[in-house]
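Student: For the sequence shown, the residue numbers in the UniProt record's numbering are 1 to 236. All C-beta atoms, glycine included, are put in the ideal place defined by N, C-alpha and C.
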Amino acid sequence: MDSIYGDVAMNKVKFDTRQEYEYVGNFKVLQNTFDKHKIDKIIPVDRLMKCKFQDNLEFMQWVKRFWDQNFPGGVYNPLARRKGGSGGGGASGATKSAVGRGTAASRTTSGSRTAASAGARSGSRAAAGGGASGRTSAGVDNQSATQIMNLNKQINELKMTVDGLEKERDFYFGKLRDIEILVQDQVEAAEVQADDHEIAALKEIQTILYSTEDGFEVPPETELEEQEVYDEDETF
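(1) DSSP state of Ser144, grouped into three classes?
(2) Go through its chain and collect everything with a Cβ distance to Gly6's Cβ below 7 angstroms, but skip five positions before and after it.
(3) Which first and last residues belong to the alpha helix (DSSP H) in which Lys41 is found?
(4) At what residues does the alpha helix (DSSP H) containing Thr207 begin and finish?
(5) Do the segment 150-157 and the segment 165-174 make contact, defined as three or more Cβ pairs closer than 8 angstroms?
(6) So, under 8 angstroms CB-CB, Leu158 and Ile179 are touching, yes? Tell me the CB distance rounded to an integer number of Å.
(7) For Lys96, I'd like the list of residues in its chain whose CB is within less than 8 angstroms of its CB, leaving aside the five on either flank, ordered along the chain.
(8) What do you get for Glu191, buried or exposed, if any count of 16 or more other CB atoms within 10 angstroms of its CB means buried?
(9) With DSSP as the reference, label Lys28 as helix, strand or coil.
(10) Check whether the Cβ atoms of Arg81 and Asp2 lie closer than 7 angstroms to each other.
(11) Buried or exposed: Leu176, going by 16 or more other Cβ atoms within 10 Å of its Cβ?
(12) Please report the straight-line C-alpha distance between His197 and Asp170, rounded to a whole angstrom.
(13) With 16 as the cutoff for other CB atoms within 10 Å, does Leu30 come out buried or exposed?
(14) Could you compute how far the alpha carbon of Ala194 sits from the alpha carbon of Tyr172?
(15) Could you give the distance in angstroms between the alpha-carbon of Ile199 and the alpha-carbon of Gln186?
(16) Would you mind working out which of Asn150, Pro72, Tyr21, Lys12 sits nearest Thr33, comparing C-alpha positions?
(17) Between which residues of its own chain and Val183 is the CB-CB distance below 8 angstroms, once the five residues before and five after are set aside?
(18) Going by beta carbon distance, what residues of the same chain come within less than 7 angstroms of Met10, once the five residues before and after it are set aside?
(19) Once the 5 residues before and after Ala145 are set aside, which same chain residues still bring their CB inside 6 angstroms of it?
(20) Under 8 angstroms by Cβ, that's how I've got Gln54 and Met160 pegged, so tell me the actual separation to the nearest angstrom.
(21) What is the DSSP secondary structure of Phe171, reduced to helix, strand or coil?
(22) Give a yes or no on whether the C-beta atoms belonging to Phe27 and Val45 are separated by under 7 angstroms.
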């Protein structure tokens, strides 16, 4: 959000959180940013703090979509923002230091033009070196921020793929479960009527339903029930 609007209260964000109230405080800063920019989104703090994969994945997917739609582009320096914007002072300090050294050199070598010239060249090289160092540091920060952004994008894409596969798996497993219950009821009815032909056909269907392959794991029923309840309560 700060890379979009640039006005998140970073001085109120705790980056080394260990206590629950600190996490709540960080979410409050984010919610205040939403309210300030009239973003119609309520952060599900309680669910996110339980660290359930599905809840956190859904919220991060929403954040990713919002960022893709609203990021204005340009260079964003997260390290400087985390320090409260206290960056960019190094070059000015180097310049003042170089000027000071040049002034001192000119005073102490007033009797020798050669020494004064050498001191001036030394001060110039020092100032130039300080500026180059600042530009190199800024370039490294920008490159790191770009790499982090690309890695986060890849992680989000992989999470979305996994989420889609899990939903598809649960969808078809639910259908097979319904078929299993229906077949079981028909088997019991056929046994009462002593219909051997129908019983044999239903048994073959059950054999197909219960056949598995190596590495196959049946999702626990509790997981499916939680997924159904979550889908009903989903507000995204």
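Tutor: According to the data block:
(1) Helix, per DSSP.
(2) Nothing meets the Cβ criterion.
(3) Here Lys41 belongs to no alpha helix (DSSP H), and DSSP marks it neither H nor E.
(4) 196-210
(5) no
(6) Rounded, the Cβ-Cβ distance is 32 angstroms, inconsistent with contact.
(7) Low confidence applies here, because Lys96 scores a pLDDT of 38, under 50, leaving its location unreliable; read the following figure in that light. Once the five neighbours on either side are set aside, Lys96 has no close Cβ partner at all.
(8) exposed
(9) DSSP places Lys28 in helix when its eight states are reduced to three.
(10) Going by C-beta atoms, Arg81 is nearer than 7 angstroms to Asp2.
(11) exposed
(12) 33 angstroms
(13) buried
(14) Computed Cα separation, rounded: 32 angstroms.
(15) 8 angstroms
(16) Lys12
(17) Leu202, Ile205, Gln206, Leu209
(18) Asp2, Arg81, Arg82, Gly84
(19) Pro78
(20) Actually they do not touch by this definition, with Cβ atoms about 12 angstroms apart.
(21) helix
(22) yes
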